[in-house]
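Enquirer: Sending over a structure as C-alpha cells; questions will come in a sec.
2 protein chains.
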Amino acid sequence: MSLTQKTRLQATRKRFIEAGGHTTQSFGFGRIIGQIYALLYLHPEPMCLDDIGTELGVSKASVSISIRQLEAWSAVKRHWIKGDRRDFYEAETNFNNLLRNGLLEMLRKKLDTAGAQITLAESTLTEALNEPNGDERDELEVVAARLKQAKQFHNRISGLLSNPLVNHIL
Amino acid sequence: MSLTQKTRLQATRKRFIEAGGHTTQSFGFGRIIGQIYALLYLHPEPMCLDDIGTELGVSKASVSISIRQLEAWSAVKRHWIKGDRRDFYEAETNFNNLLRNGLLEMLRKKLDTAGAQITLAESTLTEALNEPNGDERDELEVVAARLKQAKQFHNRISGLLSNPLVNHIL
DNA sequence: ATGTGCGTTTAGTCAAAACTAAACGAAATA
DNA sequence: TATTTCGTTTAGTTTTGACTAAACGCACAT
Numbered sequence: 002m003s004l005t006q007k008t009r010l011q012a013t014r015k016r017f018i019e020a021g022g023h024t025t026q027s028f029g030f031g032r033i034i035g036q037i038y039a040l041l042y043l044h045p046e047p048m049c050l051d052d053i054g055t056e057l058g059v060s061k062a063s064v065s066i067s068i069r070q071l072e073a074w075s076a077v078k079r080h081w082i083k084g085d086r087r088d089f090y091e092a093e094t095n096f097n098n099l100l101r102n103g104l105l106e107m108l109r110k111k112l113d114t115a116g117a118q119i120t121l122a123e124s125t126l127t128e129a130l131n132e133p134n135g136d137e138r139d140e141l142e143v144v145a146a147r148l149k150q151a152k153q154f155h156n157r158i159s160g161l162l163s164n165p166l167v168n169h170i171l
Numbered sequence: 002m003s004l005t006q007k008t009r010l011q012a013t014r015k016r017f018i019e020a021g022g023h024t025t026q027s028f029g030f031g032r033i034i035g036q037i038y039a040l041l042y043l044h045p046e047p048m049c050l051d052d053i054g055t056e057l058g059v060s061k062a063s064v065s066i067s068i069r070q071l072e073a074w075s076a077v078k079r080h081w082i083k084g085d086r087r088d089f090y091e092a093e094t095n096f097n098n099l100l101r102n103g104l105l106e107m108l109r110k111k112l113d114t115a116g117a118q119i120t121l122a123e124s125t126l127t128e129a130l131n132e133p134n135g136d137e138r139d140e141l142e143v144v145a146a147r148l149k150q151a152k153q154f155h156n157r158i159s160g161l162l163s164n165p166l167v168n169h170i171l
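Structure follows, in C-alpha cells:
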C-alpha cells in the first residue's frame, strides 16, 4: 500500500473517531463511548479491550465501563473466539436496532420517571382540592389545570413512542 | 386558605420544580433551566429575575443566563409591564412550539455537524481510493463502504426531521 | 494448590462545567 | 449631573463526573 493511501486511511479513521466522540459527548454521554463505537464500526475484525484502549489511548478500565454501556444499547456485540479467554467486540452496523434499543429506550425511561413525578404531584394536589374552600382556591385550581395539561402532553408523547406506525418509520 | 391546603400546594410546587430540574439535568442542560421553567409553568403571573432567583435559591446571574437559553428555545416569553423596568417572564404553555423550537432544533444542529464530519471523512478517503492499487486495498474499501452506510442513515434521519408528515404528528 | 491472564471494581486525581459574588454598563429618575 | 435599578459580564469558587492506576476476583491451565 502506498504511503499516501495509508496516511489518508489513518486520517479518515482518526477524523471519524473524533467525530464520534464529539457527538456522544454533546449528547451527555462521555467522549469515549462514541470513540469506541466509531473505532469498531470502521474496524473489519472484532477487537479486545486492550487493543481498543491502546488504539484510543485510554485505560482498560474506561473501555470496560464504556463498552458495557454500548452493550446495553445493543450498539456492540460480543464475539466469541475459541481458545481465547478475552472478550472481543464488534459494532452493530444495523442502526435501526441501535436506535430502538439505545436512544429510544433511554427516552422512554426518562419519560416514565417524569410522568411518575407528575402523577405524584397531581395526587398530592387532589387531596387539597377535595377539602372545603380556602382563600386561595383559585390558585389551587390553576396549578391543577396546568398539571393536567402537562400530563396530557406526556401521555401524547408516550403514546407516540409506542405507536407501531412511528416505530415502523424508525 | 387552610394550613393543610397551603402546605400541599407548596409541596406540589416543590416536587414539580425538582422533577423539572432533574429532567433537564438528565438531558445534559443544567438543573436550573428545568426548575425555572417548572416554576413559571405553575405560576399564574409572570415573574421577574429576582423573584425567580429568590424562589429557587439561586443567584440572579444564573437566572439571567438560564432564562436566555429558555428564550432561545421559545420556552418562555417576555412580558412587558408598563412603568416597570424589570423583565417579566411567563412559561410558554404550548408544548408543541417548545418541542419544535427547542429539542428538534437542537437535534437538527447536531445532526448537521455530524453529517459534515462524515462527508469530510469520505472525501479524504476518496482521494486514496482513486490512486492505483495498494496492498491494503481491501481494508480501504471496507472503510469506504461503512462510511457510505453511515451517510445513508444520516440522510434518512435528516429527511425524517424535515418530513412534513412527521412534523405534523409532533 | 499455584500461577497466569482476563474483566471488573474501587479509591483517588484532575479537568470541565455549574454556579456565585461583585463589578459593570445602560436606562430611567431626580 | 448624580443616583438608582435593572440585566449582563467576568473572575473566582465549588461541584460534578470523567478518567486512571492499582487491587481484586474469577476462571482456566499447569
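Chains H and C supply the protein sequences, listed in that same order.
Be aware that the first sequence starts at 2, since it is given in the working numbering, and climbs by one per residue.
Be aware that the second sequence starts at 2, since it is given in the working numbering, and climbs by one per residue.
Just so it is clear, CB atoms sit at the ideal spot from N, CA and C, and this is done for glycine as well.
In this text, all values refer to a predicted model and were calculated from it rather than measured experimentally.
1) With C-beta atoms as the reference, is alanine 145(H) less than 7 Å away from leucine 162(H)?
2) I'd like the ranges of any beta strand (DSSP E) spanning at least 3 consecutive residues and lying wholly in the region 17-100 of chain H.
3) Would you report the Cα separation of isoleucine 68(H) and leucine 40(H), rounded to the nearest angstrom?
4) Just the C-alpha distance for alanine 92(H) and isoleucine 33(C), rounded to the nearest angstrom, thanks.
5) Of all the residues that make up the region 27-44 of chain H, which are near chain C by a beta-carbon distance shorter than 8 Å?
6) Should glycine 21(H) and glutamine 11(H) be called a contact, given that it needs their Cβ atoms to be closer than 7 Å?
7) Output the distance between the C-alpha atoms of lysine 61(C) and glutamine 150(H), rounded to the nearest integer angstrom.
8) Roughly how many angstroms lie between the CA atoms of alanine 115(C) and threonine 24(H), to the nearest whole one?
9) Give me the Cβ distance between asparagine 95(C) and tryptophan 74(C), rounded to the nearest whole Å; I'm assuming they're in contact under 8 Å.
10) Starting from the N-terminal side, write out each stretch of the alpha helix (DSSP H) that is 4 residues or longer and does not extend beyond the region 137-171 of chain C.
11) In terms of alpha-carbon separation, which member of Gly160(H), Leu121(H), Gly31(H), Glu106(H) lies closest to lysine 15(C)?
12) Rounded to whole angstroms, what is the Cα-Cα separation between phenylalanine 154(C) and aspartate 88(C)?
13) At least one CB of chain C closer than 7 Å to the CB of leucine 108(H): is that the case?
14) Could you tell me the alpha carbon to alpha carbon distance between isoleucine 53(H) and alanine 76(H), rounded to whole angstroms?
15) So, is the C-beta of lysine 111(C) closer than 7 Å to a C-beta in chain H?
16) If contact means a Cβ-Cβ distance below 8 Å, which residues of the region 7-18 of chain H contact chain C?
17) Any idea what DSSP makes of glycine 131(C), helix, strand or coil?
18) Taking Cβ positions only, does valine 64(H) come closer than 7 Å to chain C?
Expert: Concretely, from the data shown:
1) Result no, Cβ atoms of alanine 145(H) and leucine 162(H) do not sit closer than 7 Å.
2) 77-80, 89-92
3) 12 Å
4) 37 Å
5) Ser27, Phe28, Gly29, Tyr42, Leu43
6) No. Outside cutoff.
7) 29 Å
8) 7 Å
9) About 12 Å separates the two Cβ atoms, so there is no contact after all.
10) 138-163, 165-170
11) Out of Gly160(H), Leu121(H), Gly31(H), Glu106(H), Leu121(H) has the C-alpha closest to the C-alpha of lysine 15(C).
12) 44 Å
13) no
14) Spanning the alpha carbons of isoleucine 53(H) and alanine 76(H) requires a straight line of approximately 15 Å.
15) yes
16) Lys7, Arg9, Leu10, Ala12, Thr13, Arg14, Arg16, Phe17
17) It is worth fixing the name first, because residue 131(C) is asparagine in this sequence and not glycine. Coil, per DSSP.
18) no
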